Structures are given as structure tokens and as C-alpha cells.
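Here's the structure, in C-alpha cells; my notes come after.
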Amino acid sequence: MIAPVAAAFTAKADMTAPHQELWGLRCLEAVSNSSADRVFTSSTSCRFTAIPGSDESRTCPRLIDVRGDGRLNHDLLPGEKGPQDACGVFGVWAPGEEVAKLTYFGLYALQHRGQESAGIAVSNGSQILVFKDMGLVSQVFDETSLGSLQGHIAVGHARYSTTGASVWENAQPTFRATAHGSIALGHNGNLVNTAELAELVAELPREGGRATQVAATNDTDLVTALLAGQVDEDGKPLTVEEAAPRVLPKVKGAFSLCFMDEHTLYAARDPQGIRPLVLGRLERGWVVASETAALDICGASFIREIEPGEMVAIDEDGLRATRFAEARPKGCVFEYVYLARPDTDIAGRNVYLSRVEMGRRLAAEAPADADLVIATPESGTPAAVGYAEASGIPFGSGLVKNSYVGRTFIQPSQTIRQLGIRLKLNPLKEVIRGKRLVVVDDSIVRGNTQRALVRMLREAGAAEVHVRISSPPIKWPCFFGIDFATRAELIANGLSVEEIGKSLGADSLSYISIDAMVEATTIAKPNLCRACFDGEYPMELPDPELLGKHLLESETEGRTSSDVDGVQTLTAGVGGADALRRP
């Protein structure tokens, strides 16, 4: 009998203790593993279902739905989202340290990269336990759950979904049993050959005549399955470290991976290095994280970036690095514009300084006759500071942000929704009344937020509103980890800059040029992915029908089908073709 903790197990009936997975559910009373059939007992209302096409129906229940402990959040303004990044990853190898708590604080620093779910996996050298749930990091974990995660290696993940729905079973780290133990993996980015990887998983050697099952509907679980199921020419199962050089070259797209087995922490980055991944040093261990800011919060010193096409392994024998692909750097320029924290350094360049410089260059390219420069907080503030410095126009605080209102425990009514942006931002009327304003923001996606903001500023007494954007017009969707709208929803498609300004109700609108934005980063233009601005993707994309967030969804009509044996097969994804083809 396993001692009561704030979690629940889901495991194969023939799985031994080192291969069990600890899932983040509250209100567990007890879990029994004394018989062939796992016994699930919890005061949380749950629904179980058998894995489709599997003969494990009786002995391998799969939790697919969880109902209410009151902690899941609702988006207050679902139509007002800005660009959303895929995820944040954090890993630590540190014997003698409280690795679960270090990971918790690391994820706390990376919360801006994903707010839908969070999870931590910990190994004590003999087994891996994974605790994960929907919600923010501070909502998923508490002292009890962190105290149950004892060990010397940890991998953490904060998720925003770009492949697979935002549901509990898609939360990360993902987990798989292997012939040598188990693997837990977290992924930041998005893959473009998901359909191909699904076929490779289907071709994995069958154990006991059964095909490999993939319960989740995200690209990450496919990579985890491939790493767990590799064999050599003689059919002998490979270790995770032996499997990685075979699997990673087959993975296409953006991936910054942090994964572990019982003894070793691994980190790997795609050959283009689209998403950041850094290595840090603790007094008694090592840390891997999506951003340098996460190193700072846990007291680790920055060592270097994980290089594009590189895998790093850390265990009791030290750190060793291998290369699985040639580096072809194409770092995401939007990390500098919006995604990364301002106190993060990427490729040797501080993000805050890049944004300030973007503001300076924007002022040179698009001056305005105005009395006050204000920012759309918080992401527009550094560029607004730079704009004010270069233009000589005073910088002021014209908007107050409520940092806690974007996600709430209570489903808002339609009346509350109609308040719109005022729930997040409120104007300082005494500051802006009668003033000609320059309003600096980082980007425009659909234009809904900026339109409401301009209206609100005019109602507060602004004499003029001149909108300045510190990135170029976004015209193309991202397939590498940013959940942009389809082309049909991007306001910059089909409208000129002047027409967009009129649509927003602004007196004028200007964007920074691509060249000025790139120069502000100090990174060579060929080494940056600018696809969302110019449509030049850093790698060849598959057919549009094989792209899309819900390509692997098994419960939505038209997204998957089954053959006569009940094995799921892929059909056209939803969103990929629409994203590329529609004007």
C-alpha cells in the first residue's frame, strides 16, 4: 500500500514499482497495487475509459476526465489573448538538494511561457514519480505534493498547448516505461512532422503482441514513446541515452527538451535552436532551463546555452555533450519582442535592452507629435522607454494593470465580459486627459485589444492617440511553438497599415521595420526565424493537412479514424490547411 499523498497512480497492470507514474490529482485516499488490477480510490469525481483497440481494457484504465475541485481556471477574456508560447521547461540534477522545490521555483519563473498545466517528475535513483495537473504552478503544487517528490533529479514543465488540446492527459512531463526503467520528458516548442512520428511509433517492436499505446494527443508523447521503445539490430532494447541519437535526428520542428531516466538528466535542442535552452551550475549540481531568469531564481550561475543540435547528459559521472545534428541557427526573433522575460539573456543579448533599442529605432522610423509616451503594460514598457528616450517626449504611466484578473476561479458572466479590457487595464485619467498620446505595444495579432484600448483612452479624455508597434505586422502563422491565429484572423492580412489604424480608431499607426527589429537584437538576420513577419520558414513544412493543433485528437470527429483492427490512424488535421491557405 502506498502512503496517501496528493496524487493518484495510473499504471499498466504488469508494471513494477519503478515504472509507475504519479499523476497530479488532489483528494487521494489510497492506492492499492497489491493485485493485478490497479485500484483507484479518490474523492475527486473521475471517469475512466479503456484504451481504444487495446486488449488492456480490463487491466489498464486511463483517466480521461476529472471533475471539479474548484481550482481550474477560466479565461476571463478568451478573445483577447496575445501570442501564446508553447511551454517552459526546467531540469535539475543535484544530490542532496530539494530538487522538487528548486524545480517549483524554476517553473514559477517560467510561468509566462505556459499557464494551462504544470508538472514535475522526480527520480530517487530507483523510480520516477510524476505529479501534474491543470492550472498555474502555484495552484498545482503545495508543500504536501512537493514533499512527496523526493529524489536527486527533477524535470518540470509549464504548458500552453500548441499540439493537442488543453486537457489533463496532455499535461507534461510525459512518462513512459522502458526496458531499463522509465523516462519522463518535458518539451518546449512544436513539431512539424507529427504524422511521420506517429507512423514511427506504430512501427515500434510490439511487446507481447500489443502495439505501443499513446494515450495523450500531443507531439511530445510521440517523442517519449520513440525514446522508450528503441532496439538495436539484434532486438535488444536500448537505453534512453543510446536511443536519443537515433530518435532526435528524425524529429523536425522546434524542440527544447528536458528529460530524465532514473539516473541521468538530459537536455536537447533542435538544430535550428528556435526555442532557448540554457545550462546553469549549482554548488552541488546542474540546472537546465528555458530562460536564464529561471537560473537566477534558484541560485544557479549561467554556464552556456545548449547548442542547436546538441544533447547534454548529466549524472554522477559528470556532464557530457554529444551532437546529433549540424547546427543551423534560426532563433525565434519573437522571443526578443514578446515571449521571453525582459531579465533573460538569449544568445548573449539581454531581452530588455533589445526591446528598449526597438523602441529607439521605432521612434526614428515613426516619429509623432505628442505630449506623452505610454506603454501597454507590461510587455510594451521597455520599447516605450526607448521611444521616449529617442524622441524626447516624456514617458509616463497612463495605464494601470490588474495582474490577477486574467484568470479567475469564477466563470464570468456576459455582463462582466462586456467590460472587456477594463478588467485588465484602467486609464489614469488625470495623467492622460487632454494629452496627445503615443501608445507603444509589442505586437498586434487580431487587433481586438488595441481597438478597445484606443476607445478607452479617448473616453478618458486623450486628445490624440498614436499607436506605435515595436514589431512588424504579423502576417503568417507560427508552427514552431507560438499559438498565433490563422491567416484569416491576422488583422495585417488584407489591410494596409493605414487601414489597420482606422480599424483601431487611432489617429496614426506605425510598425517598426523588420531590419530595425533585427538590428536591435544584435543577432545576424540569417540566424533568426522571422517567419511570422515575412513568411520565410526555417525549414520545409509538410502538406498543410498534416499541420494543425488537433492533428492527434482522437475524440473529435474528422480528426482520427480507426481501421478494422481498431488501431487509430491519422486523417487531416484541423487548422493547418486553414492557416496557410486562407487569405
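Count along the sequence shown from 1, add 4, and you get the number used in the working numbering. Note that the Cβ used here is the ideal one computed from N, Cα and C, for glycine as well. On a predicted model such as this, the values are computed, not experimentally measured, just so you know.
- With a 10 Å radius around the Cβ and a threshold of 16 neighbouring Cβ atoms, Gly322 comes out exposed.
- Secondary structure of Gly160 (DSSP, three-state): strand.
- By the 16-neighbour rule on beta-carbons within 10 angstroms, Gln176 is buried.
- Looking from the CA of Pro333, the closest CA among Ala304, Ala464, Ala188 and Arg279 belongs to Arg279.
- Restricting attention to Ala271, Leu204 and Phe179, the CA atom closest to the CA of Glu314 is found in Ala271.
- For Val291, there is no enclosing alpha helix (DSSP H); the enclosing beta strand (DSSP E) covers residues Gly289 to Ala293.
- Remark: C-beta atoms of Thr243 and His184 approach each other more closely than 8 Å.
- When the five nearest sequence neighbours on each side are left out, the beta carbons in the same chain lying within less than 8 Å of the beta carbon of Val141 are those of Tyr108, Leu111, Tyr112, Gln115, Ala122 and Ala162, in order along the chain.
- Beyond the five residues adjoining it in sequence on each side, Val235 comes within less than 7 Å, by CB distance, of Pro209, Pro241 and Leu242 in the same chain, given in chain order.
- Note on Thr385: 16 or more other CB atoms within 10 angstroms of its CB, so buried under the neighbour-count rule.
- DSSP lists Asn430 as the bridge partner or partners of Val404.
- Bridge pairing for Arg308: Leu283 [DSSP].
- About 3 Å separates the beta carbons of Ser514 and Ala370, which is inside the 8 Å limit, making them a contact pair.
- Residue environment for Thr228: buried (at least 16 other C-beta atoms within 10 angstroms of its C-beta).
- Residue state for Met521 is assigned as helix, using DSSP reduced to three classes.
- Distance from the Cα of Val360 is smallest, within the candidate group Leu427, Asp446 and Thr296, for Asp446.
- The region 396–406 and the region 352–366 do not touch, with fewer than 3 CB-CB distances between them shorter than 8 Å.
- Residue environment analysis places Pro530 among the exposed positions, since fewer than 16 neighbouring C-beta atoms fall within 10 angstroms of its C-beta.
- About 7 Å separates the Cβ atoms of Val337 and Thr525, confirming a contact at the 8 Å cut-off.
- In the same chain as Leu201, and ignoring 5 residues on each side of it, the C-beta atoms closer than 8 Å to its own belong to Leu195, Asp223, Leu226, Val227, Leu230, Lys254 and Val255, in chain order.
- In terms of CA proximity to Ile310, Ala331 leads the group Ala331, Ala392, Asn452 and Ala535.
- Listed as beta-bridge partners of Ser512 by DSSP are His470.
- When Ile425, Cys91 and Ala293 are compared, the shortest CA-CA separation from Arg455 is found for Ile425.
- Scanning Glu468, Glu493, Phe484 and Arg440 for the CA closest to the CA of Gly451 turns up Glu493.
- Under the DSSP assignment, Phe537 falls outside any beta strand (DSSP E), being part of the alpha helix (DSSP H) whose first and last residues are Ala535 to Asp538.
- Residue burial annotation: Gln276 is buried, with at least 16 other C-beta atoms found within 10 angstroms of its C-beta.
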